[in-house]
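The block underneath contains the structure these notes are about, expressed in structure tokens.
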Amino acid sequence: MNAPTGSAAMSRHPSPAEFAEAAAWMARLHGPNRNLQVERGFRRWLTADKAHAAAFEAMTATWEATGRMPQKPFPRISRWQRAGYREGFLRSAAAVAAVAVLGLAVLFLSRSDDAVATRVGEQRTLTLEDGTRVVLNTDTHLEVNYSEGERRVRLRNGEALFEVARHPGRPFVVAAGEREIQALGTVFVVRRDRDRVAVTLLEGKVAVGAGESSRESSSILSPGERLLLTRGAAPAIDRPPVDKVTAWRRGLVDFEDTVLSAAVQEMNRYSTSRLVIENPQTAQIRINGVFRTGDSASFAAAVARVYRLQVIEGHDEIRLAGPPAGAAAAPSR
Numbered sequence: 002m003n004a005p006t007g008s009a010a011m012s013r014h015p016s017p018a019e020f021a022e023a024a025a026w027m028a029r030l031h032g033p034n035r036n037l038q039v040e041r042g043f044r045r046w047l048t049a050d051k052a053h054a055a056a057f058e059a060m061t062a063t064w065e066a067t068g069r070m071p072q073k074p075f076p077r078i079s080r081w082q083r084a085g086y087r088e089g090f091l092r093s094a095a096a097v098a099a100v101a102v103l104g105l106a107v108l109f110l111s112r113s114d115d116a117v118a119t120r121v122g123e124q125r126t127l128t129l130e131d132g133t134r135v136v137l138n139t140d141t142h143l144e145v146n147y148s149e150g151e152r153r154v155r156l157r158n159g160e161a162l163f164e165v166a167r168h169p170g171r172p173f174v175v176a177a178g179e180r181e182i183q184a185l186g187t188v189f190v191v192r193r194d195r196d197r198v199a200v201t202l203l204e205g206k207v208a209v210g211a212g213e214s215s216r217e218s219s220s221i222l223s224p225g226e227r228l229l230l231t232r233g234a235a236p237a238i239d240r241p242p243v244d245k246v247t248a249w250r251r252g253l254v255d256f257e258d259t260v261l262s263a264a265v266q267e268m269n270r271y272s273t274s275r276l277v278i279e280n281p282q283t284a285q286i287r288i289n290g291v292f293r294t295g296d297s298a299s300f301a302a303a304v305a306r307v308y309r310l311q312v313i314e315g316h317d318e319i320r321l322a323g324p325p326a327g328a329a330a331a332p333s334r
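Residue numbering for the sequence shown follows our numbering, beginning at 2 and increasing consecutively.
Okay, structure coming up:
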């Protein structure tokens, strides 16, 4: 999600996720592995959004107030970075939560891997210590393990877009299941579902291999190509419209001649209120349309209106009941 600009950015309060990121940076800066790369990564994160500066200022105040942890000096935030935030907010609104978050971050960062996850319906943008930007889609779990010779990220599940910073001699590798994607100064999307991994290259160049345990040769992708790796099937390359692959970054889901069962599965990625199709015949109808992520109710209403279905809403599900009838496609929203 893009950060707000102008007066909105100046007045926006840090989110809980940004306080957690600030706590993580605090732990890195005071940890035994602090080096020039960590400090540069911190500076990039700090200046990426003024809410980051506010969150870090709150963490600084909390850290100093506890007085219980070993401290290493690091540069204070400059005046312009603190502009627009009141001292009272920084030292009271976040203080109680910050202590708990900071403690968890220190314990968390004592491990070799850093992990980050999004909830269902949540998106999150991270700047890693080398300057690489990662945008996490809904229900995504990512682990980061950087070393001197390699930058390695493991996508446990979900979907992420990577804008990789160039560092010759220090490759950037994304592991997804048994597959490894290696990139140098490139932009690409990796999606990992239960039985499939999809790699879509937007810019630059990537090589997709089968991981350390396989002798399978790598696939080299060109911009615009998507590699589909499905369990039990041969690898396949296609060229989907990029705006459809990245529609989630705009909060949208774009369907074109899509089987309803697949569309429902996609919509369910973004909402805890799950769509359910009662009739097997209804599951096979095809729809077209652009819908808002997380808006399962509007999606169900649009499909039901066209195909004369019944919508039954429960506590945590929305059921589409009855046999289909009528037009061939659902309208856009």
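From the three backbone atoms N, C-alpha and C, an ideal C-beta is built for every residue, glycine too.
Owing to the predicted nature of the structure, the values given are computational and were not obtained by experimental measurement.
At least one CB of chain B closer than 8 angstroms to the CB of Q38: is that the case? Absent from the structure: chain B. Only one protein chain is present.
Return yes when the Cβ of G170 is within less than 8 angstroms of the Cβ of L137, no when it is not. Taking 8 angstroms as the Cβ cut-off, L137 and G170 do not qualify as a contacting pair.
Count the other C-beta atoms from every protein chain shown that fall within 10 angstroms of the C-beta of H53, then say buried if there are 16 or more, exposed otherwise. Of the other Cβ atoms in all chains shown, 16 or more fall within 10 Å of the Cβ of H53; this residue is therefore buried.
Helix, strand or coil for S220, going by three-state DSSP, please let me know. It is a strand residue.
Considering Cα atoms alone, identify which of R309, I288, E314 and T126 is closest to V254. For V254, the nearest C-alpha among the options comes from I288.
Ordered list of alpha helix (DSSP H) runs contained in the segment 227 to 269, each at least 4 residues: Listed in chain order, they are 243 to 246 and 261 to 269.
What's the call for G295, buried or exposed, on a 16-neighbour Cβ count within 10 Å? G295 counts as buried, since at least 16 other C-beta atoms from the protein chains shown sit within 10 angstroms of its C-beta.
Sub-8 angstroms separation of R125 and A18 beta-carbons: Their beta carbons are under 8 angstroms apart, which means R125 touches A18 by this criterion.
Where do the N-terminal and C-terminal ends of the alpha helix (DSSP H) with R167 fall, by residue? That residue, R167, is in no alpha helix (DSSP H); it is neither H nor E in DSSP.
Straight-line Cα distance separating A248 from V312: When the Cα atoms are used, V312 and A248 turn out to be separated by approximately 26 angstroms.
Report the rounded CA-to-CA distance for S206 versus P324, giving the unit in angstroms. Correcting the residue type first, residue 206 is Lys in the shown sequence and not Ser. Their Cα atoms are separated by approximately 47 angstroms.
Cα-Cα separation between T139 and R309, rounded to whole angstroms: T139 and R309: Cα-Cα distance of roughly 31 angstroms.
Provide the residue span of the alpha helix (DSSP H) that contains G42, from first to last. Counting along the chain, the unbroken alpha helix (DSSP H) around G42 starts and ends at L37 to A49.
Would you report the Cα separation of G132 and P281, rounded to the nearest angstrom? Those two C-alpha atoms are separated by around 48 angstroms.
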